[in-house]
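Notes follow the structure.
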Amino acid sequence: MLNKLLLGMLGIIHPWLLKTLGRDRLEYIASNTTNELTQKIDPFIWTYDCKAKVIGIRQETVDTKTFVLLPNQKFMPPIAGQHIELSSIGPNKQANRCYTLSAITPHTVSITVKLNSQGEVSPWLHEFAKVGMVFNISLPRGKFVHRDQNKLLFICAGSGITPAFSMINKLLENKNEAEASQIGLFYRTQTPTNTIFSSRLTELESAHSNLNVELSYSRLPVEIVTPSFIDQLVSAYPDIKQQHVYLCGPELFRNDVIQYLESIDFDMGNLDIEQFTLPTLQKGRQSIRKLDEDVTVLLKSQNINFVIPASDCDKTILEAAEEQGIVMEHGCRSGMCGSCKTNLISGEVSGNQIGRSIYPCTAYPASNQIVLE
Ligand code: FES
């Protein structure tokens, strides 16, 4: 009873503290007063870790839930399209998972989780996560974010809608219609009832003339004849070559879209991809190429050169850089979170590359000169 009362009070106090004091001031106070006793009193505020408290849970579809999280003062403001990693969750407290933020407000972030019954984390979240629970989270990460392009097309499937939804909301938030980007969304789900955020998307589309939403379904009754989803995409967005494409969804879906884009000579520099599973063909080190000479790598944005000895061509570009004390941004080290993603300007790499985008944590040198953005 007393516990419940205390939890209820903390549920009111935490949002108030974060809102009233701001994250910076609260961080200053907490970092100067954190000790064993204060950590015991309230491990959400008096902590050295980035944490988030569940303050709301919403059922989106029959197998998808949104968790509204209140991050503590250690968190940094995210950019729409970024993700966080939840750690130490599930029954054995070993599991970590990345989830894109589906909504961002000044004090909260949301993740929208589709149930994967074979998985370890989503079944636990769906069944056991409750309002008031606290998770360890990472700072926001990832480069799947809008970069001022004017004509955008989000191509998504399933829970791949989450980064698109947060970016679309952000893009529609501030600008007046005259200076706004033209935004297209092609969203493929199984059936209308499986369509995450379906009513919100309809509302947004009718409120904003610069947004066009095209929905596509993979499991309609057999008597309903539909074109292939690529045909549907092409007829909805015939000017796709003039758009900047953001692609997010399961691997097979991504592959079909990439194959189509390659077939029309789409400029792959205008393609951003979010993937939380490593493409099958690029797993492991089977794509390493033997080189006879050392490799020079130029990191253009940092204006740094480094050399990978020919004998080290079985190391990823990230590993080789780190061995020489060079810091490259990274997260998961397994080709999935997108934190290390950069563009290949010249030269060749093998492994995890899609168009011009490469993931240095899982890409290997394949030519003697490599220039990265
Ligand atoms: S994709 Fe996560 S570190 Fe490279």
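Sequential numbering of the sequence shown, starting at 0, is according to numbering that gives the first Met the number 0.
Even for Gly, the Cβ is constructed at its ideal location relative to N, Cα and C.
H82 (DSSP reduced to helix, strand or coil): strand
Which listed residue (T60, P77, G268) has its alpha carbon closest to that of I357: Among T60, P77, G268, the Cα nearest to that of I357 belongs to G268.
Coil, strand or helix - A29 by DSSP: helix
Those runs of the beta strand (DSSP E) which lie wholly inside the region 76-146 and span at least 3 residues: 82-88, 94-103, 108-113, 133-136
Status (buried if at least 16 other CB within 10 Å, exposed otherwise) for F43: buried
Backbone secondary structure at F153 - three-state DSSP: strand
Three-state secondary structure (DSSP) of R253: helix
Rounded separation between P139 and I83 - CA only: Here the alpha carbon of P139 sits roughly 5 Å from the alpha carbon of I83.
Span of the beta strand (DSSP E), counted from its first residue to its last, around A179: Run containing A179: none; DSSP gives neither H nor E here.
For E273, three-class secondary structure by DSSP: strand
Inter-stretch contact (C-beta, 8 Å, three-pair minimum) for the region 202-213 and the region 111-118: no
Bridge partners - G55, DSSP secondary structure assignment: V67
Sequence-ordered residues whose beta carbon comes within less than 6 Å of a heavy atom of the ligand FES: H329, G330, C331, R332, G334, M335, C336, G337, S338, C339, Y358, C360
Inter-stretch contact (C-beta, 8 Å, three-pair minimum) for the region 286-293 and the region 341-351: yes
Rounded straight-line distance, which links the Cα of A163 to that of L100: 10 Å
Rounded straight-line distance, which links the Cα of Q93 to that of S30: 27 Å
Cβ contact (3+ pairs, closer than 8 Å) linking the region 69-76 and the region 40-56: yes
Between the CA atoms of D62 and L171 - distance to the nearest angstrom: 28 Å
Beta carbon of K142 nearer than 8 Å to that of G337: yes
Residue range of the unbroken beta strand (DSSP E) whose run includes Q368: 368-371
Reference Y98; option with closest CA among P105, A79, T341: A79
7 Å CB neighbourhood of G157 in its chain, flanking five on each side removed: Shown here for G157: same chain residues with a beta carbon closer than 7 Å to its own, the five before and five after excluded, namely K113, T188, G248, P249 in chain order.
Q242 - containing alpha helix (DSSP H), residue span: Here Q242 belongs to no alpha helix (DSSP H), and DSSP marks it neither H nor E.
Cβ-based neighbour list, I160, same chain, cut-off 7 Å, excluding 5 preceding and 5 following: Y186, I195, F196
Beta-carbon separation (whole angstroms), V212 vs I154, contact threshold 8 Å: Their Cβ separation, rounded to whole angstroms, is 12 Å, which puts V212 and I154 out of contact at 8 Å.
Buried/exposed call for E126, threshold 16 Cβ in 10 Å: That one is exposed.
Residue burial classification, R57 (beta-carbon count within 10 angstroms, cutoff 16): exposed
Beta-carbon spacing of E321, T341 below 8 Å: Not closer than 8 Å, so no.
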